[in-house]
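Protein chains in written order, with numbering that gives the first Met the number 0: chain A, 0 to 218; chain B, 0 to 207; chain C, 0 to 254.
Down below is the structure, laid out as structure tokens.
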Amino acid sequence: MMALLLRDLRLSIRAGGGAMIGVLFFMAVVAVIPFGVGPDLNLLSRIGPPILWIGALLASLLGLDRLFQADREDGSLDLMLMQETPLVLTVFVKCLAHWLSHSLPLVIASPLLALFMNMDALSVGATALTLLVGTPAITFIGAAGAAVAVSLPRGGLLVSILVLPLTIPVLIFGAGAAYAATQDPSPFLPPFLYLIALTLIFAVIGPLAAALALRASSD
Amino acid sequence: MRFEAQALSARRGEDLLFRDISFTLQDGEALVVTGPNGSGKSTLLRVLAGLLPQEEGTVRFADGAEDRPAREACHYLGHRNAMKRELTVEENLSFWAAFMTKEGAAPGMHIDEAAESVGLSGLTHLPFGYLSAGQQRRMAFAKLLVAKRPVWILDEPTAALDVKADAMFAGLCQTHLAEGGMLIAATHQPLGIDNVKALVMKGFEYGE
Amino acid sequence: MTDQSLAITRFSDLANPAKFIALAGKLIPWLAGVTALLFAVGLWLCFTTESDYQQGETVRIMYIHVPAAWLSMMCYTIMAVSAVGTLVWRHPLADVSARVAAPLGAAFTFVALVTGSLWGKPMWGTWWVWDARLTSVFILFLMYLGLIAFNRAMDDPSRAARVSAVMILIGFVNIPIIKFSVDWFNTLHQPASVVRMGGPAIDSEFLRPLLVMAIAFTMLFFTLHMMAMRTEIWRRRVAAMRRIAARSAAAGQEG
């Protein structure tokens, strides 16, 4: 399993450059927001956490369609399906590698972008923390979508459409917790704990559903 | 060890591709599946490898007394090589060796040794994408050597190969059979292996 | 006349990667030495000159910020010239030059953005404002990163060269926007004060270290650029040799 993790990490930093494109997309999305809403720093600092969350959500959906498709195209997926290792575990490790290479850079880049949004230190920390905890949920549930769309020639957009509604709870609690950290009356902990719960649930459901879909779509 | 298929039939979409195919392989036996295009050779192999569900029938693999799921005993080499262009040959092979060898099982051949066997020693440091089609195919054979599996399921194994590589490949198969392995191959060309069973697929009918 | 013919021979000499590597091997130690010397003098001047009566010690950030910002634009201009070289003359080194300049440009732009933020926090009370100058520089940064990502995604450099040249030229629109944004728009960022009609608008006390640092940064850029070009040429040779190795192994099999 370690071998699979290392292989997927290597692939993500070699010639495709997939990991970097996600971060670039994240930066670009966040950078266009002030053009839309105007450069009012007070407004930006208020909407900063949700903007970062939406940006991170879109950016992490971006690379998900390749999660299984690349392996399907060169036949590796066939061999993975045949192994004694439970397919769920294989999918889980692939998700983990994908999160490390595609979503973790987003989490690391988020404090930098938060400065552009004129967010204060507490808000920056809360947003980065919620992203760290919440983005795995997006990857795990996205894996299910990627597995469903794996045999479709233009599955990329479809993955986003399938997965986006499922990620709404993650967005609600993630952005909610990040927001609550700065607004005094609303407590930070309850939405944050919900977020952790969601990640744990999706960590189970996502790979299970993806494994089922991969078995069914093999042809 | 016994690899056994009983009364297999499979569909592709709505069409029944073949039905009632049965055969048994013992240690050191090979089965060559021939037949015209579209007769269901590839489908049969994918059913045997557990990649497609069969319509009816069973595929069994028995090691000693107990049954194991057949797919776990098999190597499957399809039309695609299952290697990553961006990674070096060595990274590719060591990944599959680690991924396919379960803990405690006997390790397969060393990577350099396997590359030597397919006649490409000294190229393992190159990215897989740098190799020519024939070299890629041969490196895909090396994948069969670095992890041990008793049954090899090969779909058109010699398609991209020249005469010399053909002979090399036949030698590898002979060695595998001599060690008590089994081999199921779909092919148009003779493989150059003696002592094989033949299965001719003719669309609906089949004869052994 | 002789000068010109000499220049042309030199230029066509540069077209040959092997000669370029020989030249680079000779030049790089000198360039590196001059750069180190200039930085030593520049940094010494930076810390010994008086601080500003309004800005206090933070004025010293300018000695890094302004040269880095200049370099970020100059680097893109060099890339654009190289892109023209790729498209018009198909100069073999033009693509190498454009390709390796992108990470350098991104680094200088990043330094400019970071130092600007560090200066902006005490002076303007915020790390960042979305005014024309800052935004256009940020877009420049994104363009650099985009070009790097593009170059990495294309594994065949000869195919990538012309496409990325077109992209570089399209992006060049941004450079005049950055340069004149402080004049065209009413921004928080102060207008140009060194290179302008009617002489520099800052005191020579600050001008001296600034100019030395600017030259030092420029030399640093050229040193790094030349080293990176040499590395890139070597990298391409390694790739070519690997292909030859794969092919000759096949030939050995046949024979």
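Beta carbons are placed, not taken as given, at the ideal position from N, Cα and C, and that holds for glycine.
Do residue i and residue j have their C-beta atoms closer together than 8 Å?
i        : j        : result
C:LEU141 : A:ALA30  : yes
C:THR108 : C:LEU133 : no
C:GLY41  : C:VAL211 : yes
A:ASP64  : A:ALA136 : no
B:VAL150 : B:PHE60  : yes
A:PHE172 : A:LEU151 : no
C:ARG241 : B:LEU92  : no
B:ASP154 : B:SER41  : yes
B:THR157 : B:GLN135 : no
A:MET0   : A:LEU88  : yes
B:THR123 : B:VAL88  : yes
C:ILE232 : C:VAL128 : no
C:THR37  : C:PHE220 : Residue 37 of chain C is actually Leu in this sequence, not Thr. Against a cut-off of 8 Å, the Cβ pair of C:PHE220 and C:LEU37 comes out as no contact.
Compute the beta-carbon to beta-carbon distance between residue i and residue j, rounded to the nearest angstrom, for a pair I have assumed lies under 8 Å.
i        : j        : result
A:LEU105 : A:ALA55  : 5 Å
A:LEU95  : A:LEU213 : Not confirmed; about 17 Å, so no contact.
C:SER163 : C:ALA97  : 7 Å
A:VAL28  : A:LEU57  : 6 Å
A:GLY205 : A:ILE160 : Between A:ILE160 and A:GLY205 the Cβ distance is about 17 Å, and since that is not below 8 Å, they are no contact.
A:ASP77  : B:GLY77  : 6 Å
B:LEU30  : B:LYS196 : 5 Å
C:SER81  : C:SER135 : Not really, about 22 Å apart at Cβ, beyond 8 Å.
A:GLN68  : A:GLY154 : 7 Å
C:TYR75  : C:PHE149 : That pair is no contact at about 15 Å.
A:ALA209 : A:VAL92  : Actually they are not in contact, since the Cβ atoms of A:ALA209 and A:VAL92 sit about 12 Å apart, beyond 8 Å.
A:ALA113 : A:GLY47  : 6 Å
C:THR222 : C:THR34  : 5 Å
C:HIS224 : C:ASP130 : Not confirmed; about 30 Å, so no contact.
To the nearest angstrom, how far is the alpha carbon of residue i from that of residue j?
i        : j        : result
B:ALA81  : C:ARG89  : 38 Å
B:LEU16  : B:ALA9   : 6 Å
B:ALA69  : C:ILE147 : 47 Å
A:ASP39  : A:LEU157 : 36 Å
B:ASP26  : B:MET0   : 6 Å
B:LYS147 : B:HIS175 : 10 Å
C:ARG9   : C:ARG235 : Residue placement at C:ARG9 is poorly supported in this model, since its pLDDT is 49, which falls under 50; the coordinates still yield a value, given next. Cα to Cα, the separation comes out at about 23 Å.
C:HIS64  : C:ASN15  : 36 Å
C:MET61  : C:GLY119 : 11 Å
C:MET153 : B:GLY128 : 13 Å
C:ALA93  : B:ALA139 : 39 Å
B:VAL162 : B:THR186 : 15 Å
A:PHE187 : A:ALA177 : 7 Å
A:LEU8   : A:THR138 : 15 Å
C:ALA238 : C:LEU209 : 42 Å
A:VAL149 : A:HIS97  : 16 Å
C:ALA101 : C:ALA160 : 13 Å
B:GLY191 : B:LEU171 : 11 Å
C:LEU103 : C:SER116 : 20 Å
A:ALA120 : A:GLY133 : 20 Å
B:ALA6   : B:TYR75  : 22 Å
A:ALA202 : A:LEU42  : 35 Å
C:ALA6   : C:PHE19  : For C:ALA6, the predicted model reports a pLDDT of 40, less than 50, meaning its position is unreliable and no value from the coordinates is stated.
C:SER4   : C:ALA23  : Interpretation of C:SER4 is limited by its pLDDT of 38, a score under 50 that renders its predicted location unreliable; the figure taken from the coordinates is listed afterwards. Going from the Cα of C:SER4 to the Cα of C:ALA23 covers about 21 Å.
C:LEU168 : A:ILE12  : 28 Å
C:LEU206 : C:ARG59  : 11 Å
A:HIS101 : A:PRO189 : 28 Å
A:PHE24  : A:LEU60  : 11 Å
A:LEU103 : A:THR166 : 17 Å
C:THR217 : C:PRO66  : 8 Å
C:SER247 : B:LYS83  : 22 Å
B:VAL46  : A:VAL169 : 40 Å
B:GLU178 : A:ALA215 : 35 Å
C:SER203 : C:ALA111 : 22 Å
A:THR129 : A:LEU207 : 25 Å
So what does residue i bridge to, in DSSP terms?
i        : result
B:PHE2   : B:LEU24, B:PHE60
B:VAL31  : B:ALA184, B:ALA197
A:ALA275 : The requested residue 275 of chain A does not occur in the structure, where chain A is confined to residues 0 to 218.
B:ALA154 : First, the amino acid is wrong: residue 154 of chain B is Asp here, not Ala. BP columns for B:ASP154 point to B:ALA185.
C:ALA68  : Its beta-bridge partners do not exist; DSSP assigns none.
B:ASP14  : B:ARG11
Requested in this report: Let me know the alpha helix (DSSP H) ranges lying completely inside the region 67–150 of chain B, each 4 residues or longer, listed in chain order.
Outcome: 88–99, 110–116, 132–145
Requested in this report: Tell me the start and end of each unbroken beta strand (DSSP E) in the region 153–180 of chain A that is at least 3 residues and wholly inside, in chain order.
Outcome: none
Query raised in the report: What are the complete alpha helix (DSSP H) segments, minimum 4 residues, inside the region 71–121 of chain A?
Result: Qualifying alpha helix (DSSP H) stretches, in chain order: 75–81, 86–97, 103–115.
**Report entry** Short-range partners of chain E found in the region 63–85 of chain B, where Cβ spacing is below 7 Å
**Finding:** Here the protein chains are A, B and C, and chain E is not one of them.
Query raised in the report: Which ranges would you report for the alpha helix (DSSP H) in the region 73–131 of chain C if only whole runs of at least 4 residues count?
Result: Qualifying alpha helix (DSSP H) stretches, in chain order: 91–123.
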